[in-house]
Amino acid sequence: MKVLVFCVVLVFCVALVAFLVVGDPQPCDFNDECKKMNVARCEEFFEKGFCNNLTAKGKTCREKELFRRGKYVMQCPCGSGLSCEPALTIELFIIERQCLEVGATATSTSPDNE
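Quick note on numbering: the sequence shown equals residues -25 to -1, 1 to 89 in mature numbering (1 follows the signal peptide of the UniProt record, and there is no 0).
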């Protein structure tokens, strides 16, 4: 019983922190409804659009944004002057992409041949 109460309190605290960090995003149906530096984002499960900031430099991004019914799905595109570039590759595999300045170089790693 104590574990259940602890889990409920933990979930509540995480939800509260997430709300305080993200704030209260403005609901919208299309990108045109958002402010100048915001875009509509489609939530993964409920397909509700909210105006969110463009993805900032150094933040994780997707190679190709999914755009459906006037909304970006799950993640906003990179901000002005940035592009979604491979940030970490291991041999031929891209592990992570980040919004980087156009022309920035990727970090590559390969196993040590010892």
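Backbone N, C-alpha and C fix where the C-beta goes; we use that ideal spot for every residue, glycine too. Computed from a prediction, not measured in an experiment: that's the story for all the values here.
Can you give the Cα-Cα distance for residue i and residue j, rounded to whole angstroms?
{"i": "Ala31", "j": "Tyr47", "result": "16 Å"}
{"i": "Ile69", "j": "Glu8", "result": "34 Å"}
{"i": "Lys39", "j": "Leu75", "result": "15 Å"}
{"i": "Cys36", "j": "Lys10", "result": "21 Å"}
{"i": "Ser83", "j": "Pro61", "result": "Residue confidence for Ser83 is low, a pLDDT of 49 falling below 50, so the modelled location carries little weight and cannot support an answer."}
Give the C-beta separation of residue i and residue j to the nearest angstrom, bearing in mind that I take them to be a contact with Cβ-Cβ under 8 Å.
{"i": "Ala15", "j": "Asn28", "result": "Going by Cβ atoms, the distance from Ala15 to Asn28 rounds to 12 Å, so no, they are not a contact pair."}
How would you call residue i, buried or exposed, if buried means at least 16 neighbouring beta carbons within 10 angstroms?
{"i": "Gly24", "result": "buried"}
{"i": "Arg72", "result": "buried"}
{"i": "Leu67", "result": "exposed"}
{"i": "residue 128", "result": "In the structure as shown, the chain begins at -25 and stops at 89. Residue 128 is therefore absent and cannot be evaluated."}
Looking at the strands, I want to know which residues DSSP matches up with residue i.
{"i": "Cys74", "result": "Cys59"}
{"i": "Pro2", "result": "Phe25"}
{"i": "Phe68", "result": "Ile65"}
With respect to the beta strand (DSSP E) encompassing residue i, which residues constitute its N-terminal and C-terminal limits?
{"i": "Lys46", "result": "Lys46 to Val48"}
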